[in-house]
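Scroll down for the structure; my scribbles are underneath it.
Protein chains: 2
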Amino acid sequence: MSDATFERHARNDVKRLPSRGQYDRETIYQILDDGFLCHVGFSTDNQPFVIPVAYGRKDDTIYLHGSIKSRLMQLGQANTPLCITVTHVDGLVLARSAFHSSLNYRSVVLFGQAEEVTDSEEKTDALHRITNQILRGRWEEVRELKASEIMATSVLKMRIEDASAKIRTGGPKDDKEDYALPIWAGVVPMHTQYGAPEPDPLRQGDYALPESVENLMKS
Amino acid sequence: MSDATFERHARNDVKRLPSRGQYDRETIYQILDDGFLCHVGFSTDNQPFVIPVAYGRKDDTIYLHGSIKSRLMQLGQANTPLCITVTHVDGLVLARSAFHSSLNYRSVVLFGQAEEVTDSEEKTDALHRITNQILRGRWEEVRELKASEIMATSVLKMRIEDASAKIRTGGPKDDKEDYALPIWAGVVPMHTQYGAPEPDPLRQGDYALPESVENLMKS
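Same order as they appear, the protein sequences are chains Y and D.
End of the first sequence = 220 in this note's numbering, gap-free, step of one.
End of the second sequence = 220 in this note's numbering, gap-free, step of one.
Encoded structure:
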């Protein structure tokens with residue numbers, strides 16, 4: 002087992018359609034780096050919660066931030082088990098039957114434990130990563146973080162212990178006899194579109210679009 | 002407490018930024034009806050899992066489907082507690098500081114218990130709803146479901162016991178003194194874009210785009 006791949010254990014083994022399962026770091030990192038919103042799952046008193054939050058990544062560590070008051074951020078002390086899932090839907094797969102209709106997607110499911118980040122330098126680095134995960138280069142454009150803001154922000158980290166990716170690409174796969182049916186079949190691609198930037202109505206001066214947004218518009 | 006609103010209990014009370022919390026059915030249904038992919042959370046042996054799946058809705062009931070083999074579908078027998086979350090990201094909120102930068106979003110968090118659907122008619126209705134949640138009208142265009150397909154598909158339902166929505170809209174809210182900084186601030190809207198439909202390369206005849214896809218392209 003090389004470092005290039007996550008080991009397969011009971012919790013990250015892709016059971017349903019195992020041919021779609023992947024365990025190599027390159028694939029998993031790529032899917033993570035293509036997004037900025039994850040769904041974090043945890044359980045308190047046998048009650049599951051799934052919360053959408055922004056994330057950042059450093060190697061095998063995922064950073065999440067939030068207010069000290071939030072449910073999620075109170076988990077750090079207890080090393081609560083977490084499951085973090087990131088999903089990109091890439092298209093509707095329209096088969097000739099409902100049974101074979103599907104979605105093209107890339108998803109990762111990560112397992113680990115919540116850990117509170119208390120070191121001010123690591124906290125700042127985590128917030129830097131989360132900010133730039135949402136919009137590359139934005140951190141360098143905004144005013145510097147104040148010590149009071151670092152204090153007021155909780156940062157959790159989760160080192161990835163187990164991970165898997167699941168990917169579907171390509172067209173529909175119909176039953177052999179269904180190809181003769183006079184039904185349109187194929188794929189409708191989907192992607193996230195960024196609209197025209199809307200300057201803050203409360204602005205006190207007119208500034209050119211920053212490089213971060215310019216680059217986003219080009220992407 | 003009228004039927005128009007979900008009651009507030011410990012698990013669905015929005016703790017962080019309670020002003021963004023909403024509990025009325027109309028708002029919650031609208032966010033659900035605007036999507037088709039949810040993240041389902043459950044816990045087995047204190048290990049949380051978060052799985053992305055397509056859903057359908059009938060009143061207060063959410064339907065999920067999958068293979069009999071999948072982890073999720075094995076939960077129906079045990080009435081396992083579930084948390085189902087649906088999130089739409091509507092824009093990047095770029096403030097003059099990282100601290101006040103945010104996202105515009107609409108999310109719902111639903112709580113209930115997994116229940117297996119065994120009745121063939123209810124199963125078919127659920128698959129109808131899930132299919133048309135992904136693409137309105139598609140069910141009516143594809144060939145009819147076979148009895149063997151209904152047998153091979155597991156359907157779970159969850160009646161919504163508790164629910165909340167959380168919504169953020171509008172521009173950045175910066176610290177008073179930061180408005181004077183020479184930094185572009187505003188919102189970059191985001192939405193899902195459907196690309197040009199790609200007909201199945203394995204098609205045996207050329208058919209016009211179906212109404213379902215035509216309507217999607219217009220939307």
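Glycine included, every Cβ here is placed at the ideal spot set by N, Cα and C.
Assign H10(Y) to buried or exposed, taking buried as 16 or more other Cβ atoms, counted over all protein chains shown, within 10 Å of its Cβ.
Looking up residue 10(Y) in the first sequence gives position 9. With fewer than 16 other Cβ atoms within 10 Å, it is exposed.
Proximity of V87(Y) and G22(Y) at Cβ, strictly below 8 Å:
On the first sequence, position 86 is the one that residue 87(Y) refers to. On the first sequence, position 21 is the one that residue 22(Y) refers to. No, these two residues do not count as a Cβ contact at 8 Å.
Look at the Cβ atom of Y54(Y), then the Cβ atom of L83(Y), and state whether they are nearer than 8 Å.
Mapped onto the first sequence, residue 54(Y) falls at position 53. Mapped onto the first sequence, residue 83(Y) falls at position 82. Contrary to the premise, residue 54(Y) reads as Val rather than Tyr in this sequence. Taking 8 Å as the Cβ cut-off, V54(Y) and L83(Y) do not qualify as a contacting pair.
Mapping DSSP to helix, strand and coil, what is T132(D)?
For the purposes of this step, residue 132(D) is taken as the residue at position 131 of the second sequence. Looking at T132(D) - three-state DSSP - the assignment turns out to be helix.
The alpha helix (DSSP H) spanning A55(D) covers which residue range?
Taking the second sequence and counting its residues from 1, the one referred to as residue 55(D) is at position 54. From DSSP, A55(D) is part of no alpha helix (DSSP H) but of the beta strand (DSSP E) over 48 to 59.
Quick one: what's got a C-beta closer than 6 Å to L217(Y)'s C-beta in the same chain, skipping five residues either side?
Here residue 217(Y) corresponds to residue number 216 of the first sequence, with the count starting at 1. Result list for L217(Y): Y195, in chain order.
Can you tell me the Cβ-Cβ gap for V156(D) and Y56(D), rounded? I've got them flagged as a contact below 8 Å.
Taking the first residue of the second sequence as position 1, residue 156(D) is located at position 155. Taking the first residue of the second sequence as position 1, residue 56(D) is located at position 55. Not really, about 11 Å apart at Cβ, beyond 8 Å.
Own chain residues within Cβ distance below 8 Å of I135(Y), not counting five before or after
The residue given as residue 135(Y) occupies position 134 in the first sequence. Within the same chain, I135(Y) has close Cβ partners F37, A55.
If contacts are defined as beta-carbon pairs under 8 Å, then R58(D) and D34(D) qualify, I think. What distance do you get, rounded to the angstrom?
The residue labelled residue 58(D) in the question sits at position 57 within the second sequence. The residue labelled residue 34(D) in the question sits at position 33 within the second sequence. Rounded, the Cβ-Cβ distance is 7 Å, consistent with contact.
Could you tell me whether the region 104 to 123 of chain D touches the region 158 to 178 of chain D, where touching means 3 or more Cβ pairs closer than 8 Å?
Enough Cβ pairs lie closer than 8 Å, so yes.
Check whether the region 183 to 192 of chain Y and the region 197 to 205 of chain D are in contact - that is, three or more C-beta pairs closer than 8 Å.
yes
If you draw a straight line from the alpha carbon of L210(Y) to that of A96(Y), how long is it in whole angstroms?
Position 209 of the first sequence holds residue 210(Y). Position 95 of the first sequence holds residue 96(Y). Straight-line Cα distance between these residues: approximately 43 Å.
What's the call for G74(Y), buried or exposed, on a 16-neighbour Cβ count within 10 Å?
Start at 1 with the first residue of the first sequence, and residue 74(Y) comes out as number 73. One detail in the question is off: residue 74(Y) reads as Met in this sequence, not Gly. Flag for M74(Y) reads buried.
Does the distance from the C-beta atom of I32(D) to that of R139(D) stay below 8 Å?
Reading the second sequence from its first residue, position 31 is the one you call residue 32(D). Reading the second sequence from its first residue, position 138 is the one you call residue 139(D). With respect to R139(D), I32(D) sits apart: the two C-beta atoms are not nearer than 8 Å.
What's the gap between the Cα of T154(D) and the Cα of S98(Y)?
Working through the second sequence from its first residue, we reach residue 154(D) at position 153. Working through the first sequence from its first residue, we reach residue 98(Y) at position 97. Their backbone Cα atoms lie some 14 Å apart in a straight line.
If you reduce the DSSP assignment to three classes, tell me which class Y195(Y) lands in.
The sequence position of residue 195(Y) within the first sequence is 194, counting from 1. The answer is strand: DSSP assigns Y195(Y) an E or B state.
With K177(D) as the anchor, note down where its alpha helix (DSSP H) starts and where it stops.
In the second sequence, the residue the question calls residue 177(D) occupies position 176. No alpha helix (DSSP H) contains K177(D), which DSSP labels as neither H nor E.
Count the other CB atoms, across all protein chains shown, that sit within 10 Å of the CB of E116(Y); report buried if there are 16 or more and exposed otherwise.
Taking the first sequence and counting its residues from 1, the one referred to as residue 116(Y) is at position 115. Counting other Cβ atoms within 10 Å of its Cβ, E116(Y) reaches 16 or more and is therefore classed as buried.
On a Cα-Cα basis, can you pick out the residue from C39(Y), N47(Y), D91(Y), N13(Y) that is closest to G172(Y)?
The residue you call residue 172(Y) lines up with position 171 of the first sequence. Ranking the options by Cα distance to G172(Y), first place goes to D91(Y).
For a cutoff of 8 Å on Cβ pairs, would you count V143(Y) as touching chain D?
As a position in the first sequence, residue 143(Y) is number 142, starting the count at 1. At a cut-off of 8 Å, the C-beta of V143(Y) has a neighbouring C-beta in chain D.
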